[in-house]
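Per this note's numbering, the sequence shown starts with residue 2, numbered consecutively. Cβ atoms here follow ideal geometry from the backbone N, Cα and C, with glycine treated the same way. Note that the structure is a prediction, hence the values are computed from the model and not measured.
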Amino acid sequence: MPLTTLPTAEALYQEHVNPQWVRLLNVLDMNVRYTRCQGTELYTDGGRRIIDFLSGYCVHNAGHNHPRIIGALKEELDRRGPAMLQSHVPELAGELAERLCTRAGGRLKKTFFCSSGSEGVEAVIKFSRSQTGRNGFIYASGAFHGLTCGALSLMGDPFWRDGFGPMLSGNEEVPFGDLDALERKLATRQFAAFIVEPIQAEAGIRVPPAGYLESAQALCRRYGSLFVLDEVQTGMYRTGPFLASQNFHADPDIVVLAKALSGGLIPCGAVLMSDEIYDSVYGSLKRAIVHTSTFSENALAMRAGLETLQVLEQERLGERATAMGDYLRDRLRQMLSGYEMVKEVRGAGLLNGIEFTAPRKLKLRVPFEAFMKIHPGMFGQVVVMRLFRDRGFLTQICGNNFLVLKAAPPLVVEEREIDAFADAVRNVVELMHSSSAFWTEALGLARRVAGV
Ligand SMILES: Cc1ncc(COP(=O)(O)O)c(C=O)c1O
Numbered sequence: 002m003p004l005t006t007l008p009t010a011e012a013l014y015q016e017h018v019n020p021q022w023v024r025l026l027n028v029l030d031m032n033v034r035y036t037r038c039q040g041t042e043l044y045t046d047g048g049r050r051i052i053d054f055l056s057g058y059c060v061h062n063a064g065h066n067h068p069r070i071i072g073a074l075k076e077e078l079d080r081r082g083p084a085m086l087q088s089h090v091p092e093l094a095g096e097l098a099e100r101l102c103t104r105a106g107g108r109l110k111k112t113f114f115c116s117s118g119s120e121g122v123e124a125v126i127k128f129s130r131s132q133t134g135r136n137g138f139i140y141a142s143g144a145f146h147g148l149t150c151g152a153l154s155l156m157g158d159p160f161w162r163d164g165f166g167p168m169l170s171g172n173e174e175v176p177f178g179d180l181d182a183l184e185r186k187l188a189t190r191q192f193a194a195f196i197v198e199p200i201q202a203e204a205g206i207r208v209p210p211a212g213y214l215e216s217a218q219a220l221c222r223r224y225g226s227l228f229v230l231d232e233v234q235t236g237m238y239r240t241g242p243f244l245a246s247q248n249f250h251a252d253p254d255i256v257v258l259a260k261a262l263s264g265g266l267i268p269c270g271a272v273l274m275s276d277e278i279y280d281s282v283y284g285s286l287k288r289a290i291v292h293t294s295t296f297s298e299n300a301l302a303m304r305a306g307l308e309t310l311q312v313l314e315q316e317r318l319g320e321r322a323t324a325m326g327d328y329l330r331d332r333l334r335q336m337l338s339g340y341e342m343v344k345e346v347r348g349a350g351l352l353n354g355i356e357f358t359a360p361r362k363l364k365l366r367v368p369f370e371a372f373m374k375i376h377p378g379m380f381g382q383v384v385v386m387r388l389f390r391d392r393g394f395l396t397q398i399c400g401n402n403f404l405v406l407k408a409a410p411p412l413v414v415e416e417r418e419i420d421a422f423a424d425a426v427r428n429v430v431e432l433m434h435s436s437s438a439f440w441t442e443a444l445g446l447a448r449r450v451a452g453v
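Structure follows, in C-alpha cells:
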C-alpha cells in the first residue's frame, strides 16, 4: 500500500477505539499530537510546549518519563528474569510491599498488588466482607472510587451509574464531613466498612473538616466496621506526606494506592491492610491464591514502584509538594481576589482546586444561566480549553464537580511555572468577567457539545 493511503493513527483510533473521545477533543480544541513529555513539559508535533497542571489525574507525581524510572525498567527488561511466572516468589513484590507498609505505618502490614485503583477497590470489597462477615458499605457523597461495577456501587453520581445497574446491594451514602449521619448508619452494625478519600479529589478537592477522619475512624472501631482510605489520588506524596491521611493522624484498616505508585509508566495498584484482614482472606494453605490477578506482582510494575519511591524520596518531592502547594494557593488567591465568579482556592500540597460560582451581576448572570441551561458541565471545560489553547496549560475540571478546576502539576513543578499558571488563570478569569467574546464562544461550544 502506498504510504499516503495508510490510515492515520487517529483514524484507526476513531474506527476501532473511541470516536466520541476524538470528537470531544476536537470540540475543545485539545486534539494535539504529543511527541515528547518530560517533567512538567509536553511537546507537540506543531512545536508547542504545554505545561502539565493535571498530571494524568495524579499519576505523574515524579514528572513525566523520569530518566531513573525509565532506566530501572530498561534494566529489568534486560535482566530477562521471571516477569509473570505465576509459579515462584516474586522477590521485588516483597521489597516493594515492605517499603509501602513501612511508610504507611500503623496496622498496615500486608499488601495485595493489582493493576488499577478500581481493581484495588474491588479487593477492598471482598476483603472487608471476609473480615467482618457483613455485606454493605458506607461511602461519602461526591466520592470517586472507580468505574468497575463494585467500585461504582460505592459512589452515587448518576452520571457514572446510569445504564449500568443493578449495583451491589446494601450500600449507603453519607454526606462527606457529616459524623452524625455516619454514626447513624454505622450503629446499625450492618456495614463491612466506611470507604472515603481523605481529600475528595473528583468531588471538587474537598478537604475534610478538622477532626473528621479521626472521629470517623473511632466510630468505625466502635461499631465493628473497617475504616478504609482510598488514597489513589492523594497518596505517594501528592499532598506532602506519603499518605494524605498522615496529615490527619489516621490509622486505617486498609489503604488503596495506585496512579503515581509506578511512575506513570506501568499500571500498578496496591491494597495495604492489617494482618487480621489478610488472615481472614488467605488464612489457610487451601486459600493461598483465593484472590489473585494475572498481572499482580509483575516484575516491571514492582521495579517501577521501587524506583518511583526512591525518586520521590531522594528528590524530596513530598516536601516540595508542601512548599510549592502553599506557593500555588497563595499566588492564585492573590491573582484571583475580587473576581465575583471565583468562590475559593483550596487544597493540600499539589492537589488543588479553584471553585467557580454563579455570578450576581446581571450582565454576567444572563450568559452564565443560558450556558448552564444548555450544558452545565461545559462551563469549566471552557476554562480548560482557554488555558490550553491560549496559554499552553493542560488542566481539567473535577469529574463530580464541574465548577472546580483542578491544579495538580507533577511534584517537580517550579515556581516560575506556578507564576505563569496563576497569570494564565487570572487572564482567563478576567475575560470571563469582562469579555462578551468569551461568552459568545462558550455558548457556541456548549451548543455543539449538547447537539443543540
Ligand atoms: C480516588 C480514586 N479512587 C479510585 C480510582 C480508580 O482508579 P483507576 O482509574 O486506576 O481504576 C480513581 C480514579 O480516578 C480515583 O481518583
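| request: Select from E42, Q39, V28 and I70 the residue whose C-alpha is nearest the C-alpha of Q315. | output: I70
| field | Beta-carbon proximity list for N172, same chain, < 7 Å, skipping 5 on both sides | value | G137, F138, Y140, S154 and L155
| Is the distance from the Cβ of L286 to the Cβ of D254 below 8 Å? | no
| task | For the stretch 99-131, list the beta strand (DSSP E) runs that are entirely contained and at least 3 residues long, ordered along the chain. | result | 111-115
| field | Exposed unless 16 or more other CB atoms sit within 10 angstroms - verdict on P68 | value | exposed
| field | Residue of M433, C150 and V175 minimising C-alpha distance to D163 | value | C150
| message | As a quick exercise: from L301, A194, E341 and L43, pick the residue whose alpha carbon is nearest that of V125. | response | A194
| task | Could you tell me which of C115, R185, L337 and S131 sits nearest to S281, measuring between CA atoms? | result | S131
| query | Among A349, S142, M325 and A271, which has the Cα closest to the Cα of F249? | reply | A349
| message | Considering only heavy atoms of ligand 1, does any lie closer than 7 Å to the CB of H1? | response | Lying outside 2 to 453, the shown extent of the chain, residue 1 is not represented and no answer is given.
| field | N- and C-terminal bounds of the beta strand (DSSP E) containing C38 | value | Y35 to Q39
| task | Answer yes or no: do S263 and G319 have a C-beta to C-beta separation smaller than 8 Å? | result | no
| Straight-line Cα distance separating Y44 from E415 | 18 Å
| Rounded to a whole number of angstroms, what is the C-alpha to C-alpha distance between Q39 and G64? | 7 Å
| task | In angstroms with no decimal places, state the Cα-to-Cα distance between F165 and R190. | result | 28 Å
| said: I want to know whether the stretch 365-373 touches the stretch 318-338 - three or more CB-CB distances under 8 Å. | reply: no
| query | Just to check, is the beta-carbon of H376 closer than 7 Å to a non-hydrogen atom of ligand 1? | reply | no
| request: Mark L13 as exposed unless 16 or more other C-beta atoms lie within 10 angstroms of its C-beta, in which case mark it buried. | output: exposed
| Does the Cβ of E92 have 16 or more other Cβ atoms within 10 Å, making it buried, or fewer, making it exposed? | exposed
| task | Would you check whether ligand 1 has a heavy atom nearer than 7 Å to the C-beta of Q234? | result | yes
| Under the DSSP definition of a beta bridge, which residues are partnered with V197? | L230
| query | Just checking my contact of K186 with V175 at CB under 8 Å: how many whole Å lie between their CB atoms? | reply | 6 Å
| Run through DSSP, which three-state label would D254 get? | coil
| query | Going along the chain, which residues of its own chain have a beta-carbon closer than 8 Å to the beta-carbon of V312, five neighbours each way excluded? | reply | A63, H67, R69, I70, G264 and L318
| What does DSSP give as the partner residues of A141 in its beta bridges? | V175
| message | Here's the rule I'm using: 16 or more other beta-carbon atoms within 10 Å means buried, otherwise exposed. How should L86 be labelled? | response | exposed
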